[in-house]
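Student: As given, the protein sequences belong to chains X and R, one line each in that order. The numbering of the first sequence is my numbering, which starts it at 29 and goes up by one. The numbering of the second sequence is my numbering, which starts it at 29 and goes up by one. Each residue gets a CB set at the ideal place from its N, CA and C atoms; glycine is no exception. Got a structure for you, written out below as structure tokens; questions coming shortly.
There are 2 protein chains.
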Amino acid sequence: MTQNTQILLDNRPVGEATVGNFKAVTTDTPALQDGQVLVRHHFLSLDPYMRGRMNDSKSYAASQPLGEVMIGGTAGEVVESRHPKYQPGDLVVGMGGWQQYSVVNAAEPGALRKVDTTHVPLSHYLGAVGMPGVTAWYGLVKIIEPKAGETVVVSAASGAVGSAFGALAKARGCRVVGIAGGPDKCKYLTDELGFDAAIDHRAHPDLKSMSQALKAACPNGIDGYFENVGGHILDAVLLRANAFARIAVCGMIAGYDGAPLPLQNPALILVNRMKVQGFIVSEHMEVWPEALKELGTLVGTGKLRPRESVALGIESAPEAFLGLLKGKNFGKQLVKLI
Amino acid sequence: MTQNTQILLDNRPVGEATVGNFKAVTTDTPALQDGQVLVRHHFLSLDPYMRGRMNDSKSYAASQPLGEVMIGGTAGEVVESRHPKYQPGDLVVGMGGWQQYSVVNAAEPGALRKVDTTHVPLSHYLGAVGMPGVTAWYGLVKIIEPKAGETVVVSAASGAVGSAFGALAKARGCRVVGIAGGPDKCKYLTDELGFDAAIDHRAHPDLKSMSQALKAACPNGIDGYFENVGGHILDAVLLRANAFARIAVCGMIAGYDGAPLPLQNPALILVNRMKVQGFIVSEHMEVWPEALKELGTLVGTGKLRPRESVALGIESAPEAFLGLLKGKNFGKQLVKLI
Numbered sequence: 029m030t031q032n033t034q035i036l037l038d039n040r041p042v043g044e045a046t047v048g049n050f051k052a053v054t055t056d057t058p059a060l061q062d063g064q065v066l067v068r069h070h071f072l073s074l075d076p077y078m079r080g081r082m083n084d085s086k087s088y089a090a091s092q093p094l095g096e097v098m099i100g101g102t103a104g105e106v107v108e109s110r111h112p113k114y115q116p117g118d119l120v121v122g123m124g125g126w127q128q129y130s131v132v133n134a135a136e137p138g139a140l141r142k143v144d145t146t147h148v149p150l151s152h153y154l155g156a157v158g159m160p161g162v163t164a165w166y167g168l169v170k171i172i173e174p175k176a177g178e179t180v181v182v183s184a185a186s187g188a189v190g191s192a193f194g195a196l197a198k199a200r201g202c203r204v205v206g207i208a209g210g211p212d213k214c215k216y217l218t219d220e221l222g223f224d225a226a227i228d229h230r231a232h233p234d235l236k237s238m239s240q241a242l243k244a245a246c247p248n249g250i251d252g253y254f255e256n257v258g259g260h261i262l263d264a265v266l267l268r269a270n271a272f273a274r275i276a277v278c279g280m281i282a283g284y285d286g287a288p289l290p291l292q293n294p295a296l297i298l299v300n301r302m303k304v305q306g307f308i309v310s311e312h313m314e315v316w317p318e319a320l321k322e323l324g325t326l327v328g329t330g331k332l333r334p335r336e337s338v339a340l341g342i343e344s345a346p347e348a349f350l351g352l353l354k355g356k357n358f359g360k361q362l363v364k365l366i
Numbered sequence: 029m030t031q032n033t034q035i036l037l038d039n040r041p042v043g044e045a046t047v048g049n050f051k052a053v054t055t056d057t058p059a060l061q062d063g064q065v066l067v068r069h070h071f072l073s074l075d076p077y078m079r080g081r082m083n084d085s086k087s088y089a090a091s092q093p094l095g096e097v098m099i100g101g102t103a104g105e106v107v108e109s110r111h112p113k114y115q116p117g118d119l120v121v122g123m124g125g126w127q128q129y130s131v132v133n134a135a136e137p138g139a140l141r142k143v144d145t146t147h148v149p150l151s152h153y154l155g156a157v158g159m160p161g162v163t164a165w166y167g168l169v170k171i172i173e174p175k176a177g178e179t180v181v182v183s184a185a186s187g188a189v190g191s192a193f194g195a196l197a198k199a200r201g202c203r204v205v206g207i208a209g210g211p212d213k214c215k216y217l218t219d220e221l222g223f224d225a226a227i228d229h230r231a232h233p234d235l236k237s238m239s240q241a242l243k244a245a246c247p248n249g250i251d252g253y254f255e256n257v258g259g260h261i262l263d264a265v266l267l268r269a270n271a272f273a274r275i276a277v278c279g280m281i282a283g284y285d286g287a288p289l290p291l292q293n294p295a296l297i298l299v300n301r302m303k304v305q306g307f308i309v310s311e312h313m314e315v316w317p318e319a320l321k322e323l324g325t326l327v328g329t330g331k332l333r334p335r336e337s338v339a340l341g342i343e344s345a346p347e348a349f350l351g352l353l354k355g356k357n358f359g360k361q362l363v364k365l366i
């Protein structure tokens with residue numbers, strides 16, 4: 029038995045999420061049953077999709093139940109095993125949730141995945157070489173389907189998904205433009221991640237200004253857009269979209285907290301003969317091996333150097349998560365647990 | 029030389045289009061050059077897309093130039109020919125415009141198409157077995173890609189595109205629900221066109237009411253939607269869409285006259301993992317032969333009995349067109365010219 033601090037969803041947000049929605053509890057891990065594995069988490073992943081799960085409303089994913097450990101991806105090591113495939117010391121990623129330890133039914137398909145840290149640091153398996161990276165890959169390769177020379181744009185560009193998107197799009201010969209909040213993140217996009225241009229959305233807080241910034245950054249128009257935020261950025265992209273442009277809708281974080289954010293001029297989807305498509309990467313497990321292979325190579329060869337924001341200790345998870353929703357993170361948001 | 033009355037676009041609409049935007053003139057047809065054909069129009073087609081052409085704004089299609097004959101599809105007969113492939117008496121369809129006669133360079137690809145009226149009346153080549161029919165076919169077959177048993181919905185359902193859509197979707201084993209204005213059109217949808225259910229949008233003028241009507245008509249949710257109108261109907265469809273629903277965006281007539289109509293909750297595209305795709309049928313000429321063959325068979329065998337609203341005389345075209353924009357037509361809107 030091991031002491032295990034967990035963060036539960038205590039109550040649902042009314043409007044903006046707050047630390048008061050969460051509650052920390054400490055329990056003992058249960059004794060393992062046959063086929064189970066006890067994993068000590070080194071890192072917890074914090075991701076925008078979690079905000080959607082906190083609501084009770086109809087959503088694409090099941091609501092996070094009240095009083096249960098918050099859902100979340102984790103990377104750690106096996107400390108005890110009653111499953112023949114896993115030995116103490118094995119490094120694994122899974123969906124262990126916001127807690128220090130998890131007991132996993134290892135035989136469940138996809139419950140645990142062993143990872144190799146020779147070329148890729150463990151934490152990156154929660155980011156560029158994990159769900160966020162595959163998310164970028166799916167939106168780019170399967171929805172946007174870019175041709176060399178096309179211009180693609182991504183919002184929340186300095187984050188885990190956006191930075192992977194940039195590297196994947198550059199590898200395909202695209203002009204890549206990133207939108208991020210603040211001059212530091214924009215400088216990081218162009219200087220360290222190899223984006224061709226960056227737009228600071230804080231300097232362009234309305235439709236007209238953002239549209240002009242996109243015009244300057246995308247002299248040949250926009251062929252593909254990876255949508256993480258919604259709101260006036262999406263409206264502006266539609267104004268600058270080329271005929272037959274494709275939009276992969278991965279998130280609309282700007283509307284997560286309250287009233288839906290309208291799309292001002294949907295007729296542009298017709299005018300530009302666009303395709304706008306939403307997706308959830310967990311519904312496309314068939315692409316993960318191919319995507320992870322490419323992403324692992326990009327990271328292993330230094331072509332993708334993802335940045336991380338690391339909070340310390342499980343108790344810091346709620347505040348770090350709320351900061352992520354406001355864009356206070358810089359790169360992939362993690363919580364380090366050991 | 030033959031006297032030819034033409035309707036020109038005289039000035040552009042400010043807000044709603046009016047008869048004052050048009051001007052009738054009468055001229056003599058010019059003498060034919062080698063390769064030209066003189067066509068006497070029997071029917072002129074009136075279609076919603078023409079409203080978009082009247083504006084000067086950036087659009088997917090070139091603006092209709094001021095002082096020139098309004099663009100439009102026509103069906104008629106060759107009365108004089110200086111092209112070896114055409115003889116007087118040949119029945120042809122083309123883009124002759126809002127006038128009684130047109131002089132056509134017959135060698136231009138797609139300028140004229142001979143048609144056979146053994147099984148299909150001439151006027152239907154402007155509707156079910158013409159551009160509107162192929163429009164329905166493309167949206168259904170290439171974008172919605174329905175499976176048997178799925179539920180598909182079409183707005184402006186009693187019109188030329190909508191009625192063809194219904195027959196094509198029934199032939200594929202779908203549940204087909206039509207939205208139209210007024211009880212007569214709704215009765216026509218279910219009693220004569222074979223729709224499974226009809227919704228009168230005049231009885232459901234707001235989002236909540238339309239959403240409830242869709243829920244009742246689509247007990248298994250909506251898998252595909254063919255969009256002709258925009259506005260609150262589109263918003264309501266998003267609320268009732270199933271996971272992986274597809275929307276083919278063909279028109280947004282509700283917003284043609286003035287300010288863009290927003291889409292209230294675009295995040296539903298993500299929540300439902302939907303595909304929303306705009307298209308223009310003239311950019312997909314490769315599908316026309318296959319589509320026209322199926323549509324001709326549906327009409328020839330009586331499985332599709334399209335209704336027509338026929339205005340008489342070229343001078344009636346402007347008023348008939350404005351009526352079409354308000355949904356005063358019942359079925360395909362034509363002008364009979366002889």
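By the 10 Å Cβ neighbour count, where 16 or more other Cβ atoms means buried, how is glutamate 220 of chain R classified, buried or exposed?
Tutor: Here residue 220 of chain R corresponds to residue number 192 of the second sequence, with the count starting at 1. Exposed is the call here.
Student: Taking all protein chains shown into account, decide if arginine 230 of chain R is buried (16 or more other Cβ within 10 angstroms of its Cβ) or exposed.
Tutor: Position 202 of the second sequence, counted from the start, is the residue given in the question as residue 230 of chain R. Answer is exposed; the Cβ neighbour count stays below 16.
Student: Are the CB atoms of phenylalanine 71 of chain X and leucine 362 of chain X nearer to each other than 7 Å?
Tutor: On the first sequence, position 43 is the one that residue 71 of chain X refers to. On the first sequence, position 334 is the one that residue 362 of chain X refers to. Yes, they are a contact pair.
Student: Using a Cβ-Cβ cutoff of 9 Å, what residues of the segment 294-322 of chain X are near chain R? List them in chain order.
Tutor: From the segment 294-322 of chain X, only Pro294, Ala295, Leu296, Ile297, Leu298, Val299, Asn300, Arg301, Met302, Lys303, Val304, Gln305, Gly306, Phe307, Ile308 and Glu311 have a Cβ closer than 9 Å to chain R.
Student: Please report the straight-line C-alpha distance between asparagine 357 of chain R and phenylalanine 349 of chain R, rounded to a whole angstrom.
Tutor: Your numbering for residue 357 of chain R matches position 329 in the second sequence. Your numbering for residue 349 of chain R matches position 321 in the second sequence. Computed Cα separation, rounded: 9 Å.
Student: Going by the beta-carbon positions, is the gap between glycine 355 of chain X and glycine 252 of chain X smaller than 7 Å?
Tutor: Walking along the first sequence from the start, residue 355 of chain X turns up at place 327. Walking along the first sequence from the start, residue 252 of chain X turns up at place 224. Their beta carbons are not under 7 Å apart, which means glycine 355 of chain X does not touch glycine 252 of chain X by this criterion.
Student: So, with DSSP's three-state summary, where would you put asparagine 300 of chain R?
Tutor: The sequence position of residue 300 of chain R within the second sequence is 272, counting from 1. DSSP places asparagine 300 of chain R in coil when its eight states are reduced to three.
Student: Report yes or no: is there a C-beta of chain R within less than 7 Å of the C-beta of methionine 82 of chain X?
Tutor: The residue labelled residue 82 of chain X in the question sits at position 54 within the first sequence. Not an interface residue.
Student: In whole angstroms, give me the CA-to-CA distance for alanine 369 of chain X and valine 277 of chain X.
Tutor: Residue 369 of chain X falls outside the range modelled here, since chain X spans only 29 to 366, and no answer is possible.
Student: Determine the DSSP secondary structure at isoleucine 281 of chain X, reduced to helix, strand or coil.
Tutor: Stepping through the first sequence from its first residue, residue 281 of chain X is reached at position 253. Helix.
Student: Compare the C-beta of methionine 280 of chain R with all C-beta atoms of chain X and state if any pair is closer than 7 Å.
Tutor: Reading the second sequence from its first residue, position 252 is the one you call residue 280 of chain R. So yes, methionine 280 of chain R belongs to the interface.
Student: Run through chain X and tell me which residues come within less than 8 Å of proline 290 of chain R, C-beta to C-beta.
Tutor: Walking along the second sequence from the start, residue 290 of chain R turns up at place 262. Neighbours of proline 290 of chain R on chain X, chain order: Pro290, Leu291, Gln292, Asn293 and Pro294.
Student: For asparagine 300 of chain X, is the classification buried or exposed, using 16 other Cβ atoms within 10 angstroms of its Cβ as the cut-off for buried?
Tutor: Your numbering for residue 300 of chain X matches position 272 in the first sequence. Classification for asparagine 300 of chain X: buried.
Student: For the beta strand (DSSP E) that contains histidine 70 of chain R, what are its first and last residues?
Tutor: In the second sequence, the residue the question calls residue 70 of chain R occupies position 42. Counting along the chain, the beta strand (DSSP E) containing histidine 70 of chain R begins and ends at 64-73.
Student: Check whether the segment 235-246 of chain R touches the segment 160-168 of chain R, taking contact to mean three or more Cβ pairs, one atom from each stretch, closer than 8 Å.
Tutor: With the cut-off at 8 Å, the segment 235-246 of chain R and the segment 160-168 of chain R do not touch.
Student: Taking DSSP's pairing of strands, which residues face phenylalanine 254 of chain X in a bridge?
Tutor: By one-based count along the first sequence, residue 254 of chain X stands at place 226. BP columns for phenylalanine 254 of chain X point to X:Val182 and X:Ala276.
Student: Thinking C-beta only, is phenylalanine 272 of chain R closer than 7 Å to phenylalanine 193 of chain R?
Tutor: In the second sequence, counting from the first residue as 1, residue 193 of chain R sits at position 165. In the second sequence, counting from the first residue as 1, residue 272 of chain R sits at position 244. In this structure, phenylalanine 272 of chain R does not lie closer than 7 Å to phenylalanine 193 of chain R by Cβ.
Student: According to DSSP, is valine 327 of chain X part of a helix, a strand, or is it coil?
Tutor: Indexing the first sequence from 1 puts residue 327 of chain X at position 299. Residue state, collapsed to three classes: helix.
Student: Got a sec: is the Cβ-Cβ distance from valine 277 of chain R to anything in chain X below 7 Å?
Tutor: Here residue 277 of chain R refers to the residue found at position 249 of the second sequence. Yes, valine 277 of chain R lies at the interface with chain X (some Cβ there is under 7 Å from its Cβ).
Student: Determine which residues share a DSSP beta bridge with isoleucine 391 of chain X and list them.
Tutor: Residue 391 of chain X lies beyond the residue range present for chain X, which begins at 29 and ends at 366; the question has no answer from this structure.
Student: Could you compute how far the alpha carbon of leucine 94 of chain X sits from the alpha carbon of leucine 36 of chain X?
Tutor: If you number the first sequence from 1, residue 94 of chain X lands on position 66. If you number the first sequence from 1, residue 36 of chain X lands on position 8. Looking at the two C-alpha atoms, the distance is approximately 7 Å.
Student: Rounded to the nearest angstrom, what separates glycine 347 of chain R and leucine 291 of chain X at their Cα positions?
Tutor: Start at 1 with the first residue of the second sequence, and residue 347 of chain R comes out as number 319. Start at 1 with the first residue of the first sequence, and residue 291 of chain X comes out as number 263. Per the sequence shown, residue 347 of chain R should be read as glutamate rather than glycine. Rounded to the nearest angstrom, the two C-alpha atoms are 33 Å apart.
Student: Taking DSSP as the reference, what is the three-state secondary structure of aspartate 56 of chain R?
Tutor: Position 28 of the second sequence holds residue 56 of chain R. If DSSP states are grouped into helix, strand and coil, aspartate 56 of chain R belongs with the strands.
Student: Considering only their Cβ atoms, is the gap separating histidine 260 of chain R from leucine 296 of chain R smaller than 7 Å?
Tutor: Within the second sequence, the letter at position 268 stands for residue 296 of chain R. Within the second sequence, the letter at position 232 stands for residue 260 of chain R. Result no, Cβ atoms of leucine 296 of chain R and histidine 260 of chain R do not sit closer than 7 Å.
Student: Rounded C-beta distance between valine 143 of chain X and leucine 60 of chain X? I'm assuming under 8 Å.
Tutor: The count along the first sequence starts at 1 and reaches residue 143 of chain X at position 115. The count along the first sequence starts at 1 and reaches residue 60 of chain X at position 32. Not quite, the Cβ-Cβ distance comes to about 22 Å (not below 8 Å), so this is no contact.
Student: Quick one: which chain X residues come within Cβ less than 8 Å of glycine 258 of chain R?
Tutor: Translated into positions along the second sequence, residue 258 of chain R becomes position 230. Simply Pro294 and Ala295.
Student: Can you tell me the Cα-Cα spacing of leucine 326 of chain R and glutamine 127 of chain R, whole angstroms?
Tutor: Residue mapping note: residue 326 of chain R aligns to position 298 of the second sequence, counting from 1. Residue mapping note: residue 127 of chain R aligns to position 99 of the second sequence, counting from 1. Computed Cα separation, rounded: 30 Å.
Student: Sort R:Gly138, R:Glu173 and R:Gly122 by Cα distance to leucine 150 of chain R and report the nearest one.
Tutor: Taking the first residue of the second sequence as 1, we reach residue 150 of chain R at position 122. Considering only alpha carbons, the answer is R:Gly122.
Student: Taking contact to mean 3 or more Cβ pairs, one atom from each stretch, closer than 8 Å, check whether the segment 94-109 of chain R and the segment 68-83 of chain R are in contact.
Tutor: Touching, per the Cβ criterion.
Student: Would you list the one or two residues that DSSP bridges to glutamate 108 of chain R?
Tutor: Position 80 of the second sequence holds residue 108 of chain R. For glutamate 108 of chain R, which the question treats as bridged, DSSP gives the partners R:Leu66.
Student: Starting from serine 130 of chain X, follow the beta strand (DSSP E) in both directions and report where the run begins and ends.
Tutor: Here the question's residue 130 of chain X lines up with position 102 in the first sequence. Here the beta strand (DSSP E) through serine 130 of chain X covers 129-133.
Student: Relative to the alpha-carbon of arginine 81 of chain X, which residue among X:Leu217, X:Asp228, X:Ala188 and X:Asp38 has its alpha-carbon at the smallest distance?
Tutor: The count along the first sequence starts at 1 and reaches residue 81 of chain X at position 53. The shortest Cα separation from arginine 81 of chain X among X:Leu217, X:Asp228, X:Ala188 and X:Asp38 belongs to X:Asp38.
Student: Measure the CB-CB distance between valine 9 of chain X and alanine 197 of chain X and report whether it falls below 7 Å.
Tutor: What is shown of chain X runs 29 to 366, which leaves residue 9 of chain X out entirely.
Student: From the DSSP output, which residues share a beta bridge with phenylalanine 193 of chain R?
Tutor: Taking the first residue of the second sequence as 1, we reach residue 193 of chain R at position 165. Its beta-bridge partners do not exist; DSSP assigns none.
Student: Could you name the residues that DSSP lists as bridge partners for glutamine 115 of chain X?
Tutor: Here residue 115 of chain X is taken as the residue at index 87 of the first sequence, counted from 1. None; glutamine 115 of chain X has no bridge partner.
Student: Could you give the first and the last residue of the continuous beta strand (DSSP E) run that contains threonine 163 of chain X?
Tutor: Translated into positions along the first sequence, residue 163 of chain X becomes position 135. Premise fails: threonine 163 of chain X lies in the alpha helix (DSSP H), 159-165, not in any beta strand (DSSP E).
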